[in-house]
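For any residue, its number in this note's numbering is found by taking its place in the sequence shown, counting from 1, and adding 149.
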Amino acid sequence: RHCTDVICCVIFIVVILGYIALGVVAWVHGDPRKVIYPTDSYGQFCGQKNTLNKNKTILFYFNILKCASPVVLINLQCPTTQLCVSKCPDRFATYIDVQASYRYRPDQWNYFRQFCKPGFNNPRKSVAQVLRDEDCPSMIIPSRPFLKRCFPDFSTKNGVLTVANRTTFKDGRGKTRNVTDLREAANGINNVLDARSVGMKIFEDYAISWYWILIGLFIAMMLSLLFLVLLRFTAGVLFWIFIFGVIGIIGYGIWHCYWEYDHLKGIPGSDLTVYDIGFQTDFKVYLQLRQTWLAFMIILCGVEVIIILMLIFLRNRIRIAIALLKEGSRAIGYIMSTLFYPIVTFLLIAICISYWAVTAVFLATSGEPVYKVMANQTLCKYANLTCDPETFNTTNVTKLCPGAQCTFAFYGGESLYHKYIFIFQLANAFVFLWLVNFAIALGQCTLAGAFASYYWAYRKPADIPLWPLFSSFGRAIRYHTGSLAFGALILAIVQLIRVILEYLDHKLKGTQNSFTRFLLCCLKCCFWCLEKFLKFINRNAYIMIAIYGKNFCTSAKEAFFLLMRNVVRVAVLDKVTDFLLFLGKILVAGGVGVLAFFFFTQRIPVFAQEVPMLNYYWVPLLTVIIGSYLVAHGFFSVYAMCVDTLFLCFCEDLERNDGSTAKPYFMSASLHRILGKKKLSPKK
Numbered sequence: 150r151h152c153t154d155v156i157c158c159v160i161f162i163v164v165i166l167g168y169i170a171l172g173v174v175a176w177v178h179g180d181p182r183k184v185i186y187p188t189d190s191y192g193q194f195c196g197q198k199n200t201l202n203k204n205k206t207i208l209f210y211f212n213i214l215k216c217a218s219p220v221v222l223i224n225l226q227c228p229t230t231q232l233c234v235s236k237c238p239d240r241f242a243t244y245i246d247v248q249a250s251y252r253y254r255p256d257q258w259n260y261f262r263q264f265c266k267p268g269f270n271n272p273r274k275s276v277a278q279v280l281r282d283e284d285c286p287s288m289i290i291p292s293r294p295f296l297k298r299c300f301p302d303f304s305t306k307n308g309v310l311t312v313a314n315r316t317t318f319k320d321g322r323g324k325t326r327n328v329t330d331l332r333e334a335a336n337g338i339n340n341v342l343d344a345r346s347v348g349m350k351i352f353e354d355y356a357i358s359w360y361w362i363l364i365g366l367f368i369a370m371m372l373s374l375l376f377l378v379l380l381r382f383t384a385g386v387l388f389w390i391f392i393f394g395v396i397g398i399i400g401y402g403i404w405h406c407y408w409e410y411d412h413l414k415g416i417p418g419s420d421l422t423v424y425d426i427g428f429q430t431d432f433k434v435y436l437q438l439r440q441t442w443l444a445f446m447i448i449l450c451g452v453e454v455i456i457i458l459m460l461i462f463l464r465n466r467i468r469i470a471i472a473l474l475k476e477g478s479r480a481i482g483y484i485m486s487t488l489f490y491p492i493v494t495f496l497l498i499a500i501c502i503s504y505w506a507v508t509a510v511f512l513a514t515s516g517e518p519v520y521k522v523m524a525n526q527t528l529c530k531y532a533n534l535t536c537d538p539e540t541f542n543t544t545n546v547t548k549l550c551p552g553a554q555c556t557f558a559f560y561g562g563e564s565l566y567h568k569y570i571f572i573f574q575l576a577n578a579f580v581f582l583w584l585v586n587f588a589i590a591l592g593q594c595t596l597a598g599a600f601a602s603y604y605w606a607y608r609k610p611a612d613i614p615l616w617p618l619f620s621s622f623g624r625a626i627r628y629h630t631g632s633l634a635f636g637a638l639i640l641a642i643v644q645l646i647r648v649i650l651e652y653l654d655h656k657l658k659g660t661q662n663s664f665t666r667f668l669l670c671c672l673k674c675c676f677w678c679l680e681k682f683l684k685f686i687n688r689n690a691y692i693m694i695a696i697y698g699k700n701f702c703t704s705a706k707e708a709f710f711l712l713m714r715n716v717v718r719v720a721v722l723d724k725v726t727d728f729l730l731f732l733g734k735i736l737v738a739g740g741v742g743v744l745a746f747f748f749f750t751q752r753i754p755v756f757a758q759e760v761p762m763l764n765y766y767w768v769p770l771l772t773v774i775i776g777s778y779l780v781a782h783g784f785f786s787v788y789a790m791c792v793d794t795l796f797l798c799f800c801e802d803l804e805r806n807d808g809s810t811a812k813p814y815f816m817s818a819s820l821h822r823i824l825g826k827k828k829l830s831p832k833k
């Protein structure tokens, strides 16, 4: 063997080093606190330690009516002053009322003042000036913290929306407002609060049932292993039972159609044709016609004949497919370590996902605070322009636009780094896709090498090399990193294009241009098909790389033409394998799911006292079912890779050898018998 696709290997290593450098730069400039902590109008974090806001963890909006929706509050900047507070208001009050009574009720002023700008303590300042300068809110209403922000404390009383049992409130500007003015925000908040309550209950269920969930997944693992071992003996039986079952069901359908056709004979109106009655929304009308049942019978007869003919002409290929399935079970029995290799792939992908997610967060939060002029006057020419809060009061903006303020707007920047953050995010996504596909390719090549060493062992298991899985992994890393990276690169490019097309489709959903939507739909369909085709080619190319050690393009070409020369065998084997593995997944997930259902619903008397008290028993139940399916999928993916590898080896064996002493077959005796070849030459 020698190193293959060296140039791609070098590029891959350079890209990984660049990816690490991108992560370091993002970590230096980024600040995830911008995601964790809300930010006030001065760009300061609420609740940040070692700051004046360390005890003020909640964000308060001076006029929440300007924000309209909680989505705007969370994702965008609301056009009102935002202040960090230690707690949300718990009463109705207006600045006008507090100012009028502060002399004889100073406690009201002291309470209201904590929602004003820090340091403001001048209740004698006129109301107009206070509201113009936004020193204090015009009103406060009973609120509760949600997502570290103060939202009105909505509730319903006799079907009427209220805040603290009131349906109206003063807005502090001389008007009485109805609570329904906040209905849009209320609906969104209540929905999210309900979801949060359900989420907390689900978390509690996981906290007290995780032990039993792990037991269920362990049972699924053991059932998956048992199913793979039993396939050596039951693959043919399961397949033929299914096939004859389908033939029997279709046969019954033919008989039933004939019975209905004969039963309707002589009934008035039954001899009408479909053309005579035209289109009817009630399908039962068509079932009263003899012609309908005759058509059904003809269709079912056609299907029955096609299935029987396929079984007659493809019987030998079906026997080969079943023999390969049994051989795959036998191979896994000799190399049991391959069943646990998906854990390695899972860990590699988990590392890639974690690195991508952390880097994306740091890139998204790597901007500097940007301040903009917020003016009450709509005609102010300085509105929404950037400003410097330290020098803002020395400019003439406040003179030309009375009440204008330099407030925090968002995080961004004008430097070269900040201008290309979007490009960096695309690069982050692209390299992530490349690395994930490389991890999958490494797993496929490693497993293919291990199973190929089994097939090409003349005396099984005596000639199987020691530690075949570890040896195959070492060969793949040492010699074929470039080839695996090349295949992963092609797939990553197609997947990135698909992501961009999905993004464009999402952005253009509101447009009325039907041609654009049609073009996008066609492109998405074409690239989906291309991705599926590339995955098929890559998978078989990695098998050929593991067998012969050639570069990616050569291996892909040889694998493709080898499969085309055996296209019927490929189709039969693929469908037989898919059916048996799907049946296995359903049996494992369904069996464990039924057992979990009886357990969590306390229907197993022996374990009735051990069942934890749950809010929703379906939470651990669905987790066990989905987890069992994924566990079975992990084990069966190894089996599918084994069958595909043995099939390619089998096709190569047929083309390169003739069963003579000089060129003996390496296939098993059962495959020899099915093919009708000469007997195995004496083993030396």
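Note that the Cβ used here is the ideal one computed from N, Cα and C, for glycine as well.
None of these values were measured; they are calculated from a predicted model.
- Separation of Val773 and Ser503 (C-alpha to C-alpha, rounded to the nearest whole angstrom) is 24 angstroms.
- By the Cβ test, the stretch 682-702 is in contact with the stretch 632-645, since at least three Cβ pairs between them sit closer than 8 angstroms.
- By the Cβ-count criterion, Gly482 is exposed, with fewer than 16 other Cβ atoms from all chains shown falling within 10 Å of its own Cβ.
- Sequence-distant partners of Leu729 (beyond 5 residues in either direction) whose C-beta falls short of 8 angstroms from its own C-beta, in its chain, are Leu380, Ala384, Leu387, Phe388 and Leu474.
- Its chain contains no residue whose beta carbon lies nearer than 7 angstroms to that of Asp256 once the 5 sequence neighbours on both sides are disregarded.
- For Lys306, the enclosing beta strand (DSSP E) starts and ends at Phe303 to Lys306.
- Here Ala588 is not near Leu679, since their CB atoms are 7 angstroms or more apart.
- DSSP assignment within the stretch 604-665 yields the following whole alpha helix (DSSP H) runs of 4 residues or more, N-terminal first: 617-656.
- The three-state secondary structure of Leu232, taken from DSSP, is strand.
- C-alpha of Val174 to C-alpha of Val580: approximately 16 angstroms in a straight line.
- In the DSSP assignment, Leu208 falls within the unbroken beta strand (DSSP E) covering Ile207 to Tyr210.
- For Arg326, no alpha helix (DSSP H) run applies; the uninterrupted beta strand (DSSP E) run containing it begins and ends at Thr325 to Asn327, by DSSP.
- Per DSSP, the unbroken beta strand (DSSP E) holding Ser292 starts and ends at Ser292 to Phe295.
- Secondary structure note for Val312: its beta strand (DSSP E) is the uninterrupted segment Val309 to Val312.
- Non-local C-beta neighbours of Ile156 in its own chain, meaning closer than 8 angstroms and more than five positions away in sequence, comprise Gly631, ordered along the chain.
- When Tyr603, Ser621 and Arg805 are compared, the shortest CA-CA separation from Val792 is found for Tyr603.
- Gln554 places its beta carbon 7 angstroms or farther from that of Leu512.
- Contact between Asn689 and Leu712 is confirmed by a C-beta separation of about 6 angstroms, below the 8 angstroms threshold.
- The bridge partners DSSP lists for Arg315 are Val312.
- One Cα belongs to Ser358, the other to Ala313, and the distance between them is close to 38 angstroms.
- Counting C-beta atoms within 10 angstroms of its own C-beta, Tyr253 has fewer than 16 neighbours from the protein chains shown and is therefore classed as exposed.
- Relative to the Cα of Ala369, the nearest Cα in the group Ala811, Lys734 and Phe756 belongs to Lys734.
- Residue burial annotation: Lys205 is buried, with at least 16 other C-beta atoms found within 10 angstroms of its C-beta.
- Thr487 sits buried, since 16 or more C-beta atoms from the chains shown fall within 10 Å of its C-beta.
- Secondary structure at Val522: strand, using DSSP grouped into helix, strand and coil.
- Excluding five sequence positions before and after Gly477, the CB atoms of its chain that fall closer than 7 angstroms to its own CB belong to Tyr788, Cys791, Val792 and Leu795, given in chain order.
- Ranked by Cα distance from Asn806, the options Trp605, Pro761, Leu615 and Lys203 are led by Trp605.
- If you look at His567, you'll find it in the alpha helix (DSSP H) that goes Leu565 to Lys568.
- Between Ile290 and Phe318, the CB-CB gap stays under 7 angstroms.
- Contact check between the stretch 451-470 and the stretch 714-732: three or more CB pairs, one atom from each, fall below 8 angstroms, which counts as touching.
- Scanning the stretch 418-453 from its first residue to its last, the whole alpha helix (DSSP H) runs of 4-plus residues come out as 423-426.
- By the neighbour-count criterion, in which a residue is buried when 16 or more other Cβ atoms sit within 10 angstroms of its Cβ, Glu759 is exposed.
- Boundaries for Asn271: no alpha helix (DSSP H) harbours it, and the DSSP string shows neither H nor E there.
- Ranked by Cα distance from Ile613, the first of Arg624, Phe622 and Ala601 is Ala601.
- Cys233 sits close to Cys195, with the two beta carbons spaced by under 7 angstroms.
- If you draw a straight line from the Cα of Ala634 to the Cα of Ile396, it is about 47 angstroms long.
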